[in-house]
Amino acid sequence: MHRTRRMATLRRTLRLLRAFSYEQFRPRIFYSLLARDTRLLLDAISHDLSFSPAPSLRGASVLDVGGGPGYFADAFADCFYVGLEPSVSELSAAGQTGFKAVRGDGAALPFATDSFDLVYSSNVAEHIPDWRAMGEEMMRVVKPGGLVVLSYTVWLGPFGGHETGLWQHYVGGDYARRRYAKVHGRDPKNVFGENLFAVSAREGLEWAESTGQLAAAFPRYHPRWAWWVTRVPVLREFAVSNLVLVLRKS
Numbered sequence: 001m002h003r004t005r006r007m008a009t010l011r012r013t014l015r016l017l018r019a020f021s022y023e024q025f026r027p028r029i030f031y032s033l034l035a036r037d038t039r040l041l042l043d044a045i046s047h048d049l050s051f052s053p054a055p056s057l058r059g060a061s062v063l064d065v066g067g068g069p070g071y072f073a074d075a076f077a078d079c080f081y082v083g084l085e086p087s088v089s090e091l092s093a094a095g096q097t098g099f100k101a102v103r104g105d106g107a108a109l110p111f112a113t114d115s116f117d118l119v120y121s122s123n124v125a126e127h128i129p130d131w132r133a134m135g136e137e138m139m140r141v142v143k144p145g146g147l148v149v150l151s152y153t154v155w156l157g158p159f160g161g162h163e164t165g166l167w168q169h170y171v172g173g174d175y176a177r178r179r180y181a182k183v184h185g186r187d188p189k190n191v192f193g194e195n196l197f198a199v200s201a202r203e204g205l206e207w208a209e210s211t212g213q214l215a216a217a218f219p220r221y222h223p224r225w226a227w228w229v230t231r232v233p234v235l236r237e238f239a240v241s242n243l244v245l246v247l248r249k250s
């Protein structure tokens, strides 16, 4: 994973952390940056795993499971890009039109088997009750030899509670929700037990290993010298804020 590791710098980590502060009130700033970073990451992964001998996914068919309102579409303009999103309000949230969007359920993808060169999902698994079904569906629709990249927020990591705070979810998801509502006078966007669920690093790794297709696993936002934490049980639950699972379909 030479190219992937090379992009995992401390400067990148700090840049993404600063941008995260805009996620709630100026989402275009955060998600546009995240989209560009995601494209670079997927280019690097596909190159490292010899899916693409070129340094880019240019011309590849790419499915974005949970693509949201289209912030990511521009970053994949040179690909055959399809974004799947179940929520009508999310599809229209950014006021963007014209990108290839499909309304559908990630756990029952409306695509034929072996349809895409690369299928990825960014920060979706923790928002659905049956993320394993989504993972299996992603494996179904990717072509043999293609890649599935599933990235999600680890519950016990510092951002597991999302906008409810950095420590409140350690007391409990319900507590974090109540405290947020008390402070802000409204429920958080991500409501524990409804559209936010506890997914551990261990669960993700065990599922990926059970497929027999796991090619790599690493913390998405850590600099490369901190990737070792993924290999340490218990520690990874708290130290890995976002886990990337890369599977290659045989």
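Residue numbers (the UniProt record's numbering): 1 to 250.
All C-beta atoms, glycine included, are put in the ideal place defined by N, C-alpha and C.
Inter-residue Cα distance where the pair is residue i and residue j
i: Ser-115; j: Gly-161; result: 34 Å
i: Ala-198; j: Val-154; result: 7 Å
i: Ser-121; j: Arg-26; result: 22 Å
i: Gln-96; j: Pro-223; result: Note that Gln-96 scores 48 on pLDDT, short of 50, meaning its location in the model is unreliable; the coordinates nonetheless yield the value given after this. C-alpha separation (whole angstroms): 33 Å.
i: Arg-248; j: Asp-43; result: 15 Å
i: Leu-245; j: Asp-48; result: 14 Å
i: Leu-235; j: Thr-38; result: 25 Å
i: Ser-21; j: Ile-29; result: 10 Å
i: Tyr-71; j: Ala-77; result: 11 Å
i: Leu-205; j: Asp-130; result: 15 Å
i: Val-171; j: Ala-60; result: 44 Å
i: Ser-210; j: Ile-45; result: 21 Å
i: Met-7; j: Leu-243; result: 16 Å
i: Tyr-175; j: Gly-157; result: 17 Å
i: His-2; j: Glu-237; result: 25 Å
i: Ala-19; j: Gln-213; result: 33 Å
i: Phe-111; j: Val-183; result: 43 Å
i: Val-65; j: Val-119; result: 7 Å
i: Trp-225; j: Ala-217; result: 14 Å
Start and end residues, alpha helix (DSSP H) containing residue i
i: Leu-17; result: 10-20
Check whether residue i and residue j have beta carbons under 9 Å apart
i: Ala-215; j: Leu-147; result: yes
i: Tyr-152; j: Glu-194; result: no
i: Ala-201; j: Val-149; result: no
i: Val-124; j: Gly-106; result: yes
i: Leu-63; j: Arg-220; result: no
i: Leu-84; j: Arg-58; result: no
i: Trp-207; j: Arg-5; result: no
i: Leu-17; j: Leu-33; result: no
Unbroken beta strand (DSSP E) run spanning residue i, endpoints
i: Val-124; result: Unbroken run through Val-124: none, as it is neither H nor E.
i: Leu-49; result: No beta strand (DSSP E) holds Leu-49; DSSP gives it neither H nor E.
i: residue 270; result: Residue coverage of the chain in this structure runs from 1 to 250, which leaves residue 270 outside it and unanswerable.
i: Arg-103; result: 101-103
Query - Sufficient close CB pairs (3 or more, under 8 Å) joining the region 137-148 to the region 165-175 - result: no
Report task. Could you tell me whether the region 223-233 touches the region 181-198, where touching means 3 or more Cβ pairs closer than 8 Å? Result -> no
Query - Runs of beta strand (DSSP E) wholly within the region 212-243 (minimum 3 residues, chain order) - result: 214-219
Query raised in the report: Is there contact between the region 99-118 and the region 3-15, where contact requires at least three CB pairs shorter than 8 Å?
Result: no
Query raised in the report: What residue ranges within the region 108-185 form continuous alpha helix (DSSP H) runs of no fewer than 4 residues, ordered along the chain?
Result: 131-141, 168-171, 173-184
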